[in-house]
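Right, one structure below, let's go through it.
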Amino acid sequence: MSATTAGGGGLELGAAVASHRGEVDEAPSGFRQLAGGVVGLPEVDDDGKPMRTGTVWTASAHIITAIIGSGVLSLAWGIAQLGWIAGPATLLLFSSITYYTSRLLSDCYRHHSTGKRNYTYMEAVNAYLGRRMEWACGIVQCVMLCGATIGYAITASISMVAIRKSDCLHKRGHAASCKFSTNLYLVGMGVAEIVVSQIPNFHKLAWLSVLAAIMSFLYASIGLGLAVARVASGTWVYKFSSTRSAICFSCMHVI
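Counted the way the UniProt record's numbering counts, the sequence shown spans residues 1 to 255.
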């Protein structure tokens, strides 16, 4: 799962985009003076927090982590089902939407008149849309976070069972009955999530975003490798594996 979650990772993405555009460090006149140099005290930013030391590389790692996930593994399937015209067109459409929302988030990172930083989605919504919409945003975020957590727990357990099944087939032959339950792996994944969630200042672990960015490239490499291997084997065929409505729904979910 990406390091930036629904609890405010979007504004961190916006901050990263703004940093990449050279906008984060630009504060309205008078705000930077709050960090006036006091001898013996650590250097702070205009909001009183330690001076930000992010670079283009760290910002890029955050952006890659927030945008690219394990869904890229099924992206090739979605494009194949849509075809060479609708597939790339849909991909470009959603890429444009992602780019627009990223620009919007970076513009919402600082309030246009006060210069106050908005660190989370809810703070940004409250600053521009009011308290009622902030509550609505919080509810949507919690629902999405719970759904994503459950989804990744299920995906992780299925993946671990697939690895165990593959190992079993290699040892016993493809005719062997290698069936395993995902229950134990679901419990293990849930326990791991609970333990990891107790780490303080989890959002400040810079190496985590770098690791997630590397994993994102690994996802893409796995997908590319599987596609090349399938084409090289000569066993692939072009066909629709389900109804068109089911295919369109699945493709939209993937893309």
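Ideal Cβ positions, reconstructed from N, Cα and C, are used throughout, including at glycine.
I154 has its alpha-carbon roughly 29 Å from the corresponding atom of W135. In this structure the stretch 61 to 68 touches the stretch 206 to 213; the number of beta carbon pairs closer than 8 Å is three or more. Nearest to W57 by C-alpha distance, out of A206, V231 and A227, is A206. Note that the stretch 172 to 184 does not touch the stretch 125 to 142; fewer than 3 beta-carbon pairs, one per stretch, sit closer than 8 Å.
By alpha-carbon distance to C108, the top candidate from M122, T53 and S95 is M122. Here A232 is exposed. Its C-beta has fewer than 16 other C-beta atoms within 10 Å. DSSP links V44 through a beta bridge to P50. According to DSSP, residue pairing for R132 in a beta bridge does not occur. DSSP places Q81 inside the alpha helix (DSSP H), whose first and last residues are L75 to C108.
For V72 against A220, the beta-carbon gap comes to about 6 Å, under 8 Å, which counts as contact. Counting of Cβ neighbours within 10 angstroms places D167 among the exposed residues, the total staying below 16. Taking 8 Å as the cut-off, the Cβ atoms of G223 and L75 count as close. With 16 or more other CB atoms across the displayed protein chains lying within 10 angstroms of its CB, Q81 is buried.
Setting aside the 5 residues that flank it on each side, G87 is surrounded in the same chain by I79, each with a C-beta closer than 6 Å to its C-beta; the list follows chain order.
Membership of T55 in any alpha helix (DSSP H) is not indicated, and neither H nor E is assigned to it by DSSP.
Rounded to whole angstroms, G48 and K116 show a C-alpha spacing of 12 Å.
For T114, the closest alpha carbon among the candidates Y128, K165, A148 and G188 is that of Y128. Residue pairing by DSSP places R172 in no beta bridge whatsoever. In this structure, the straight-line span from the alpha carbon of H112 to that of G225 is close to 46 Å. Under a 10 Å Cβ-count criterion, V228 is classified as exposed, with fewer than 16 other Cβ atoms of the shown protein chains found around its own Cβ. Going by beta carbons, D45 and R52 fall inside the 8 Å limit.
Every unbroken stretch of the alpha helix (DSSP H) spanning 4 or more residues and falling wholly within the stretch 152 to 203 is given here in chain order: 183 to 196.
Under the 10 Å beta carbon count, M189 is surrounded by 16 or more other beta carbons and is classified as buried.
Distance from the CA atom of T98 to the CA atom of R172, rounded to whole angstroms, is 46 Å.
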